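First comes the structure, then the notes that go with it.
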Amino acid sequence: MDLSDAEAIEASFADPSSFGLIFERHCDAVHRFAVRRVGRDAAGDIVAETFVRSFAIRARFDLTRDTALPWLYGIAANVIFEHYRRSALAARYSTYTFRRGTGGDPIAVADDRLVAVSLRDELISALGALSVEDRETLLLYALEDLSYKEIAAALGIPVGTVGSRMSRVRTQIRNRIPDLEWRVDRLGAEERGDDEPDA
Amino acid sequence: MNQTPDPLDDLLRWTFAYQEGPTPDERDRARRRLDAAIRREVAANQRRGWMTAAVVAVVVASTAAIWGSLSPSPVMAAMEEVAQAIEAAPIPVTGQEYVFTDATESALGVVPRDGLGRIDYPDQPLAYLLNTRRQSWFGTDGSLQLRTTVQPPEFFRPEDEAAYYAAGLDQVDRVGEIILETFPDAERHPWPTDPAQLDTWIRNAAVTGRGLDSDIEYLEVALDIVSESPAAPDLRSGTLRLIGRLDGLEVVDQTHGTKTFRVQYRLNEVHIDHRFSINSSGYLVAERVTAVDGDQTLGLPAGATTYEMTVADLQITDSLDFP
């Protein structure tokens with residue numbers, strides 16, 4: 364019988380190896396989460412640290428929750444935050460991995476193949492202008508498919524704050540990217556091979 | 004809660020369409036680290052089961068005798084002196100208060116040629132020193148407010164300054180901006196204060212894949228605990244004692260209540276001299292890293308500073324304003 368995440372974590376108090384199920388189930392998702400924020404080079408360590416730390420503090424997991432993924436994202440976000448704070452110290456020399464171009468950007472894996480370069484650059488610039496918490500809220504929703512409730516649990520903030528942040532963030536980005544709707548629509552048409560939509 | 008579809012979400016998904024998982028090797032490494040943590044807990048649980056109070060007493064007594072018989076190194080003695088001073092006079096932080104720190108930092112930034120875009124620049128990385136002032140308010144409730152002032156960078160080669168601005172790196176680094184960030188729940192590691200556990204936690208955190216000696220990685224994590232930090236007295240004293248055990252450190256100055264240490268190592272064939280100063284309260288107050296022989300690839304002359312930070316004495320404040 365497959366254990367739920369909560370059951371596996373509960374079982375790990377008596378048999379710590381049960382926590383391995385959480386790793387097997389969510390390693391790929393946490394890795395993608397990390398790559399999107401710190402790039403491939405640093406993602407492996409972020410993943411490892413996230414699972415080691417989540418194991419250490421598993422007693423804090425709310426056993427009434429179905430999935431541990433939002434909780435893991437919250438821990439990963441903290442690990443990444445520390446990574447950047449530390450990298451501000453550690454960047455003193457080996458910054459090849461922390462600066463842009465080799466996977467050091469918070470937004471490190473924009474896909475040139477699918478998005479017109481100018482729009483991609485505008486989006487990255489707009490994201491870069493957001494506060495860390497606003498950006499994380501948006502990315503958890505759009506990229507990790509978390510609900511507002513799950514984002515609230517991951518970031519330790521009220522659900523209402525998630526809603527207000529999302530509204531504010533979307534407005535800020537639209538202010539920085541003119542004609543976003545039309546251009547996204549056109550990109551979608553290109554993806555589907557449609558004729559260009561009316562402007 | 005209304006969660007309606009939004010074209011912006013589609014754009015984000017297209018832009019960050021990365022869907023690959025970790026490589027087998029990355030996955031295996033992460034799993035091995037988790038398995039090691041699991042094994043440590045299993046072993047600790049077993050030990051707790053086996054040991055009687057008498058056995059524990061014998062072990063503690065024996066350990067104390069062994070440590071007592073060893074002559075401490077000058078670094079251990081210096082760290083021990085600070086550790087004892089911290090424990091004797093802890094700085095009280097109670098209620099809804101904030102630990103305020105104010106740091107000035109100059110850190111090397113390196114951008115590979117392919118990160119510069121289509122500008123006229125040789126096939127070489129661009130290096131510069133980015134200067135920032137970072138003011139932090141650590142709340143007793145786990146919150147953190149960061150105010151970062153990004154100042155104009157300094158360059159090692161005349162051509163680098165023009166290239167930096169032509170490539171728009173000033174916008175990436177947000178030069179000239181004052182960045183205010185708040186983190187409602189920025190509680191850092193729940194660091195243990197038991198020396199053996201703290202040692203294990205630091206060792207686990209000291210993995211960055213930068214190809215540094217593990218003791219150097221360890222030192223950086225340990226210094227981070229006592230730098231711009233609300234770390235409690237027992238955590239600071241425990242951390243300093245662990246730093247004191249690291250190989251390769253030497254005391255270079257201990258006048259005026261502040262002790263300065265040095266370690267030298269090689270990174271990517273570059274000879275590094277790393278000095279840091281701990282004040283009598285056990286906080287990191289200064290740090291300086293130099294490339295002893297320079298680095299031709301980056302245009303660094305011999306003795307170039309690649310990192311420098313000074314931190315003013317921390318203050319306790321009851322608001323998020325400047326103390």
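For the record, the sequence lines run as chains X and U. FYI, in our numbering the residues of the first sequence are 364 to 562. FYI, in our numbering the residues of the second sequence are 4 to 326. Backbone N, C-alpha and C define an ideal beta-carbon position, used for all residues, glycine too. Values in this document were obtained by computation on a predicted structure and should not be read as measured data.
Inset, instruction - Starting from the N-terminal side, write out each stretch of the alpha helix (DSSP H) that is 4 residues or longer and does not extend beyond the stretch 131-156 of chain U. - result: none
Legend entry - Three-pair Cβ contact test at 8 Å for the stretch 410-425 of chain X versus the stretch 517-533 of chain X: no
Inset, instruction - Count the other CB atoms, across all protein chains shown, that sit within 10 Å of the CB of residue 19 of chain U; report buried if there are 16 or more and exposed otherwise. - result: Per the 10 Å Cβ criterion, buried.
Legend entry - Inter-stretch contact at 8 Å, needing at least 3 Cβ pairs: the stretch 200-207 of chain U / the stretch 215-230 of chain U: yes
Legend entry - Amino acids of chain X, ordered along the chain, whose beta-carbon sits closer than 8 Å to that of residue 24 of chain U: For residue 24 of chain U, the chain X residues whose C-beta falls within less than 8 Å of its own C-beta are 390, 391, 394 and 395, listed in chain order.
Legend entry - Closest by C-alpha distance to residue 442 of chain X, when choosing among X:483, X:394, X:384 and X:501: X:394
Inset, instruction - State the start and end residues of the unbroken beta strand (DSSP E) segment that holds residue 174 of chain U. - result: No beta strand (DSSP E) holds residue 174 of chain U; the alpha helix (DSSP H) holding it covers 172-176.
Inset, instruction - Would you give the residue range spanned by the alpha helix (DSSP H) that residue 418 of chain X belongs to? - result: 403-419
Inset, instruction - Answer with yes or no whether the minimum CB distance from residue 157 of chain U to chain X is below 8 Å. - result: no
Inset, instruction - Apply the 10 Å Cβ neighbour rule to residue 426 of chain X and answer buried if 16 or more other Cβ atoms are within range, or exposed otherwise. - result: exposed
Legend entry - Through-space distance from residue 408 of chain X to residue 62 of chain U, alpha-carbon basis: Bear in mind that a pLDDT of 32 at residue 62 of chain U, under 50, signals an unreliable position, so the number given afterwards is only what the model happens to contain. Rounded to the nearest angstrom, the two C-alpha atoms are 36 Å apart.
Legend entry - chain U contact for residue 543 of chain X (CB, 8 Å cutoff): yes
Legend entry - Listed by chain order, chain X residues near residue 16 of chain U by CB distance under 7 Å: 505 and 506
Legend entry - Where residue 538 of chain X falls, given that 16 or more other Cβ within 10 Å makes a residue buried: Exposed is the label assigned to residue 538 of chain X, since fewer than 16 other Cβ atoms lie within 10 Å of its Cβ.
Legend entry - CB contact flag (residue 509 of chain X, residue 503 of chain X, <8 Å): yes
Inset, instruction - Mark residue 463 of chain X as exposed unless 16 or more other C-beta atoms lie within 10 angstroms of its C-beta, in which case mark it buried. - result: Caution is warranted here: a pLDDT of 29 is assigned to residue 463 of chain X, below 50, making its placement in the model unreliable, and no coordinate value can be reported.
Legend entry - Per-residue burial, residue 259 of chain U [other beta carbons within 10 Å of its own, 16 or more giving buried]: exposed
Inset, instruction - For the beta strand (DSSP E) holding residue 280 of chain U, just list the boundary residues, first then last. - result: First-last of the beta strand (DSSP E) with residue 280 of chain U: 273-281.
Inset, instruction - Look up residue 396 of chain X in the DSSP assignment and say whether it is helix, strand or coil. - result: helix
Legend entry - Closest Cα partner of residue 206 of chain U within the set U:221, U:291 and U:194: U:221
Inset, instruction - Assuming residue 123 of chain U and residue 315 of chain U form a contact by the criterion Cβ under 8 Å, report the distance between their Cβ atoms to the nearest whole angstrom. - result: Incorrect: roughly 42 Å between the Cβ atoms, too far for contact.
Legend entry - Identity of the residue in X:365, X:371 and X:505 nearest residue 399 of chain X by Cα: X:505
Legend entry - Contacts that residue 225 of chain U makes with chain X (C-beta to C-beta distance below 7 Å): Here the premise fails: no neighbours, minimum Cβ distance about 11 Å.
Inset, instruction - Taking C-beta pairs closer than 7 Å, name the residues in chain X that residue 162 of chain U reaches, listed in chain order. - result: In chain order: nothing, as chain X lies at least about 18 Å away.
Legend entry - Span of the alpha helix (DSSP H), counted from its first residue to its last, around residue 167 of chain U: 161-169
Inset, instruction - Pull up the distance between the alpha-carbon of residue 144 of chain U and that of residue 549 of chain X, whole angstroms please. - result: In this structure, the straight-line span from the alpha carbon of residue 144 of chain U to that of residue 549 of chain X is close to 47 Å.
Inset, instruction - For residue 377 of chain X, collect the residues of the same chain with a Cβ closer than 7 Å to its Cβ; drop the 5 residues on either side in sequence, then sort them by chain order. - result: Short of 7 Å from the beta carbon of residue 377 of chain X, and not among the five residues preceding or following it, lies no beta carbon of its own chain.
Legend entry - Minimum Cβ-Cβ distance from residue 452 of chain X to chain U less than 8 Å: Confidence at residue 452 of chain X is low in this model, with a pLDDT of 39, below 50, so its placement is unreliable and the value that follows should be read with caution. Judged by the 8 Å Cβ criterion, residue 452 of chain X is in contact with chain U.
Legend entry - Within chain U, the residues that residue 486 of chain X reaches when beta carbons sit closer than 7 Å: The contacting residues are 14 and 18.
Inset, instruction - Compare the Cα-Cα distances from residue 402 of chain X to each of U:23, U:217 and U:278 and report the closest residue. - result: U:23
Inset, instruction - Could you have a look at residue 231 of chain U and say whether DSSP puts it in helix, strand or coil? - result: coil
Inset, instruction - Report, in whole angstroms, the separation of the C-beta atoms of residue 254 of chain U and residue 77 of chain U, which I expect to be a contact under 8 Å. - result: The pair is a contact, with the Cβ atoms about 5 Å apart (cut-off 8 Å).
Legend entry - Cβ-based burial, residue 139 of chain U [other Cβ within 10 Å; buried from 16]: buried
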